[in-house]
Amino acid sequence: ILNVEQSPQSLHVQEGDSTNFTCSFPSSNFYALHWYRWETAKSPEALFVMTLNGDEKKKGRISATLNTKEGYSYLYIKGSQPEDSATYLCAFMDGGSQGNLIFGKGTKLSVKP
Amino acid sequence: DGGITQSPKYLFRKEGQNVTLSCEQNLNHDAMYWYRQDPGQGLRLIYYSQIVNDFQKGDIAEGYSVSREKKESFPLTVTSAQKNPTAFYLCASSTERLWRDEQFFGPGTRLTVL
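So the protein sequences, as listed, match chains E and D.
For the first sequence, our numbering begins at 1 and goes up steadily by one.
For the second sequence, our numbering begins at 1 and goes up steadily by one.
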């Protein structure tokens with residue numbers, strides 16, 4: 001059974017702090033890794049889709065890295081703002097899954113002003 | 001505005017009744033998906049469809065059924081055979097069948113069985 005682990009489960013930071021989360025996934029037969037942000041009362045929205053080992057992607061103050069050989073991805077938020085408060089989901093897809101995304105349980109970030 | 005709509009937002013059902021959740025998209029996406037969220041768990045795939053008139057079971061399809069008669073619509077029926085249907089249901093879509101494409105999500109339907 002494929003398993004995707006996210007840590008920490010929750011995180012409380014002050015406005016202006018930088019933070020990072022981890023997503024761990026099986027290192028064999030990698031196909032893609034997705035990151036989503038899910039704000040309360042809204043729909044999840046995609047942040048990044050990463051497909052190559054060593055990928056680094058950036059969107060504003062948020063960036064992500066990917067290591068498929070060791071099976072992890074980091075999501076970084078620089079200078080957290082209250083509007084960054086959300087649950088961050090990662091989802092893994094392996095080559096044999098025929099499109100089945102396996103989601104982690106998420107990291108819930110709270111940013112205090 | 002393009003997007004995905006789900007209705008209703010909240011749904012209450014008596015035990016033994018079938019209920020259908022609506023999902024519509026105007027993004028011209030080929031692929032559509034249904035996920036279920038339970039407290040403390042990640043999203044789990046119920047069914048997905050890559051093209052009209054075709055759909056595949058996900059990890060937890062038992063007790064559910066779907067149809068894909070139109071590209072825009074992918075309704076999910078929760079049948080009385082689903083033993084624990086109370087959950088939050090999310091519909092999503094993506095551009096193609098390549099599977100690496102990001103998925104776009106609807107706002108969800110919270111189903112409660114009374």
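Just so you know, even glycine gets a beta-carbon here, dropped at the ideal spot from N, CA and C.
Query	Result
Give every residue of the same chain whose Cβ lies closer than 6 Å to the Cβ of Val52/D, excluding the five residues on either side of it in the sequence, and list them in chain order.	Arg68, Lys71
Judging by CA-CA distance, which residue of Glu15/D, Glu24/D, Ala31/D is the nearest neighbour of Thr95/D?	Ala31/D
Using alpha carbons as the reference points, say which of Leu109/E, Glu45/E, Lys105/E, Gly96/E lies closest to Tyr76/E.	Leu109/E
Can you tell me which residues form a DSSP beta bridge with Tyr72/E?	Ser24/E, Asn67/E
Between Gln41/D and chain E, is any beta-carbon pair separated by less than 8 Å?	yes
Which residue marks the beginning of the beta strand (DSSP E) containing Thr107/E, and which one marks its end?	107-112
Following the continuous beta strand (DSSP E) through Gln6/D, name the residue where it begins and the one where it ends.	4-7
Distance cutoff 8 Å, beta carbons only. Does Gly106/D sit that close to anything in chain E?	yes
Thr51/E to Leu90/D, Cα distance in whole Å?	24 Å
What are the start and end residues of the beta strand (DSSP E) that includes Glu62/D?	Run containing Glu62/D: none; DSSP gives neither H nor E here.
Have a look at Glu45/E and Phe104/D and give me their C-alpha separation to the nearest angstrom.	7 Å
How would you label Gln82/D, buried or exposed, when you count the other beta carbons within 10 angstroms and need 16 or more for buried?	buried
With DSSP run on the structure shown, which of helix, strand or coil describes Asp84/E?	helix
Below 8 Å on the Cβ atoms is my contact criterion, and I expect Gly104/E with Gly40/D to pass it. Report the Cβ-Cβ distance as a whole number of Å.	Rounded, the Cβ-Cβ distance is 12 Å, inconsistent with contact.
What residues of chain E sit near Gly58/D, judged by a beta carbon separation below 8 Å?	Asn100
So is Ala41/E buried or exposed if we call it buried at 16+ other beta carbons inside 10 Å?	exposed
For the region 24-43 of chain E, enumerate the residues whose C-beta is nearer than 9 Å to any C-beta of chain D, in chain order.	Tyr31, Ala32, His34, Tyr36, Trp38, Ala41, Lys42, Ser43
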